[in-house]
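Chains as they are written, first to last, in my numbering: chain Y, 1 to 351; chain W, 352 to 867; chain G, 868 to 1224.
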């Protein structure tokens, strides 16, 4: 027994280390830049200062197909458009977060982004310690004199996908899977509920909070329960946990069922395919990071404020590929509600 | 074969001045000897004398620090076993190097598989194995798997392995240690046939009987040095033993008649469960008095292990009682039994008697480390420990490069001395010795027996469990024969002999002939 | 004294890790070259990251502390023949203990921290001892139980934090009271705000304790005997099951202390994560590289900690992904675990050395 351990263990260790090394990612150059291939070079905007902007991911990788990646794409775009000097760090443990942020601060970066609200404590600490450095944080409502926080009106985007769900459902039962019962996620649920109610008052919403954001298995079992209850569409706001919702839907569809998932944060049809993804509620983190970083160079950096990005600010939206599965008349209805929200006719509640 | 008539062409293998040093020991000190073609040359020496090191050098496992090796008169450098095999040297190891689930043929060709295109030519190989087996009358089934054949057969597979690789010089390392008497005599026949076919054999052993029976020449090694090479026909076991040990050896252990006193250890109606719900010890009663050695004779597996484990507290008792000096010690912890005055030399010294990766001094204190003289508020008194170890090493003549030597690197005899030193130094009332001389050479056996007798003469009760008839007859004052967990009879060495005892051990009561 | 230190490095047990480290770093450099990075610049930034500023040096120490402690936790179990892969769970129990005392009790500063550390350490120890007890009394393999206990600890902590110590609106617990903090304010300020805490001192004490306990005391003697040969230990009258439980308790205390350091000295709260920290697994690597000795674990913990922390500097200064360092650590462990390969490299060398003797 002992001998087996002695021989197997080291191999296992090596295997794990290599796996973790390979799994996380291997290329610092990042993926292809985000669109705008023909964007004018830095020469066209001579007025803009060439800033040094850093960003620290939450514990995921920069290629997470989510906020980390969106934010990084925005920074790469800034490099392309305005010659910014950009760089990112990926802390591997909670304890590494502060030193990573500090790395940028000590290297005199003009602005350091944190791409998730989980970094709020670290940003608070550093912002207090370094009053002359500027920070940005996504998905947070921190108000500190040298921090620009970005928060999204998820309820508005969720309202729109709620409209789509309410008009698309055949069973009049719709599901919602949330990662955790916290204010941000609650906004998704409430907006979604309101959207459904507006177009289909008879539809029933089944809500399930899994409690964790990165447990695919829990997402799958939550989705299974909801689909078993008769729902044919589930909107998830549960990060990685939501992948389980997609898995469950795919399984059901491959067995001849027809259920839908509404994705979140990015256009998830690009990952999970059009056969299960009805639409997605997109949070335009790239837009926010791009605009706010640029505003620092332009001298109107929104420090000390929470920049709220809603439909009006182009901060949330439905995925551009929605027309593949959503009927044209439904999309027309969506446009109708979009205008009503933008011009203030409808105010979507947060809770 | 007269030594003077030997010409160079008759020498198969010659070693000149081979010296091999290990940290703290000179394992081989300028060893020279000649192996003549077609002879069986015995290499005799105690455990740790340097025989195995020497043969490892010949087989290319070690490099000598000094000295030269000649094969067929040609000076050679043997830097790997492959080179040795190329030179026609084959080794039959004491512990077989076989792959259990493989067939005989697969094992034999392992490492030099004959190819037929891309495929291994198993059929051709097995025919060749069969041929070799028939030539030397080895009677091996080429297609049988190793795990399905007996130990004796496995050894023959090892022999064929060397022959298959073209060996002319065969080294047998303690080949009879693992064999039954029947298998031993068969092996000796095989060796005779091998030399008859022109092979030369080196036989490493410490068993005098085998040397007398089969070897032509015998080279005796003691403490790394060659004592003498003698022609076996011109010597006798007594002489060989004395040369090996370096002093006069008594085969018949000398002892005064026992003067038994009061009962120290008493076992009453003991029942101990073995595996599978059977009673391994089934209603045993006996007693051991102060000043006597009670020998428990019997074939392995008749309840010896369970009996000892029950007495020493290692195994719980189903029913019955064990009484030590009038007090019951039934189902006490091993610690309590040991502290109560019972010392135990376990049957399996590697598994139960020693921590092989501990040093001599660490092993010496294995039971007494928490006694006041060694233990100061939880800290082990290293000075006291080392003094104790040094004293016992001296008193019991443990041959070691130091008390900080790991026991694993010591010879079996010296390991056993460490155990005996530890157990006797506890000054027990009762000493239980289970197979105390297993695997030991003549000198060490004599030492162990003397220690047991001296304990008896000091008024201790000694319980000796052994599978060796000779040992029981030599050492014990009273003999109990154990069969099927019961005592089949009681006798004394004076009133019995090995035939009689052998029959009883096989389950036949005297004059009865019936099976229990 | 000097000679003694040299002797340690002459021993084969030290040569193999040292050679492994060198080969590991070289292989890392080769991979960087293949990947189009500059290995010299990378290693330069790595070293600069560790020693470049007092802040970084302090943070590197902060990284090293839990690795050494986890290394000790794994090593002491190893020495008793036990494979404790439940250190992660023991860390969680320790941090829970510290959090409970740190948030729920009100005590004067020094006392509060001390109480939190002790409570956390004992909680971790009991968690480990429970695994040992199940092994000793029921014969259930500690590898299986300790993995399961990791999950039980994880979800227990989620439950307790959510229901008794939550911070509203977040995925973490409430903060501990300042009186329970073990950060060393003045030293931290001296080191540019690096999160230096008293756990550093406790770690040094733990290393010394480990050495003395194992080699000088009767309990350590029993532990080693059981580790080498439990049968012989039992024959000698030792209580093997007691030794197993005791050893797992100490192992658990080491793990638990890591948890208390993280809560009281680094974060001041526990975040609700869906996976355990993985520090316990790093501890296996540390123990393996350090040969399960006190000095070895200390040195290997320092090495792995420094490499891990320095890898951030590598990605910042030379754009080399931090994963390369994980690979280097992997290589080192591989060569230590398969010493035959290393021996092959310097076989001629040892032969020469032997001839000189």
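Just so you know, even glycine gets a beta-carbon here, dropped at the ideal spot from N, CA and C. Bear in mind that the values here come from a model prediction, so they are computed numbers and not experimental data.
For residue 695 of chain W, the enclosing beta strand (DSSP E) starts and ends at 693-696. Its chain contains 276 as the residues whose beta carbon lies nearer than 6 Å to that of residue 250 of chain Y, once the 5 sequence neighbours on both sides are disregarded; these appear in chain order.
Using a Cβ distance threshold of 7 Å, residue 216 of chain Y and residue 243 of chain Y count as a contacting pair. Take residue 1092 of chain G, set aside five residues on each side of it, and the residues of its chain with a beta-carbon closer than 6 Å to its own are 1100, in chain order. Nearest neighbour of residue 613 of chain W by Cα position, chosen from W:760, W:837, W:810, W:418, turns out to be W:810.
Against chain G, the beta carbon of residue 726 of chain W has neighbours under 8 Å at 1085, listed in chain order. Here residue 1065 of chain G carries a coil assignment [DSSP, helix/strand/coil]. Contact check between the stretch 1181-1188 of chain G and the stretch 903-920 of chain G: three or more CB pairs, one atom from each, fall below 8 Å, which counts as touching.
Inclusion of residue 200 of chain Y and residue 222 of chain Y in the CB contact set at 7 Å is not warranted, their separation being larger than that value. One finds 663, 665, 685, 695, 697, 703, 704 in chain W with Cβ atoms closer than 8 Å to the Cβ of residue 1102 of chain G, taken in chain order. Residue 533 of chain W carries a helical assignment under DSSP once its states are collapsed to helix, strand and coil.
Listed along chain Y, the residues sitting closer than 7 Å to residue 1060 of chain G by beta-carbon distance are 129.
Taking 7 Å as the CB threshold, residue 1168 of chain G stays off the interface with chain Y.
If you look at residue 442 of chain W, you'll find it in the beta strand (DSSP E) that goes 440-443. Residue-level contact check: residue 942 of chain G does not touch chain W, since none of the beta carbons of chain W fall below 7 Å from its beta carbon. In the structure shown, the three-state DSSP call for residue 751 of chain W is coil. Scanning chain W for C-beta atoms nearer than 9 Å to the C-beta of residue 1185 of chain G yields nothing, as the closest lies near 45 Å away. Neighbours of residue 212 of chain Y in chain G, taken as residues whose beta carbon is under 7 Å from its own, are 1141 in chain order. Annotated three-state conformation of residue 720 of chain W is coil, per DSSP. For residue 1189 of chain G, the neighbours in chain Y by C-beta distance under 8 Å run, in chain order, 90, 92. Around the beta-carbon of residue 1045 of chain G, fewer than 16 other beta-carbon atoms lie within 10 Å, marking it exposed. Under the Cβ criterion (8 Å, minimum of three pairs), the stretch 1080-1087 of chain G does not count as touching the stretch 1054-1065 of chain G.
The Cβ of residue 1098 of chain G sits closer than 7 Å to at least one Cβ of chain W.
In the displayed model, residue 1119 of chain G falls within a helix according to three-state DSSP. Around the CB of residue 753 of chain W, fewer than 16 other CB atoms lie within 10 Å, so the residue is classed as exposed.
In the DSSP assignment, residue 518 of chain W forms no beta bridge with any residue.
Taking the CA atoms as reference points, residue 376 of chain W sits about 15 Å from residue 759 of chain W. Contact with chain Y is found for residue 1036 of chain G, since one of that chain's Cβ atoms lies less than 7 Å from the residue's Cβ. Beta-bridge annotation (DSSP): residue 1040 of chain G is paired with G:1033. Setting aside the 5 residues that flank it on each side, residue 541 of chain W is surrounded in the same chain by 487, 488, 489, 507, 510, each with a C-beta closer than 8 Å to its C-beta; the list follows chain order. Residue-level contact by beta carbon fails for residue 1173 of chain G and chain W, as no gap is shorter than 7 Å.
Secondary structure of residue 362 of chain W (DSSP, three-state): strand. Nearest Cα to residue 382 of chain W within the set W:769, W:573, W:757: W:573. Cβ-Cβ distances below 7 Å link residue 1114 of chain G to 943, 944, 947, 949, 999, 1090 in the same chain, with the five nearest sequence neighbours on each side left out; the list follows chain order.
From the listed residues Y:156, Y:323, Y:48, the smallest Cα separation to residue 338 of chain Y is found for Y:156. Annotation: the continuous alpha helix (DSSP H) that includes residue 437 of chain W extends over 432-437.
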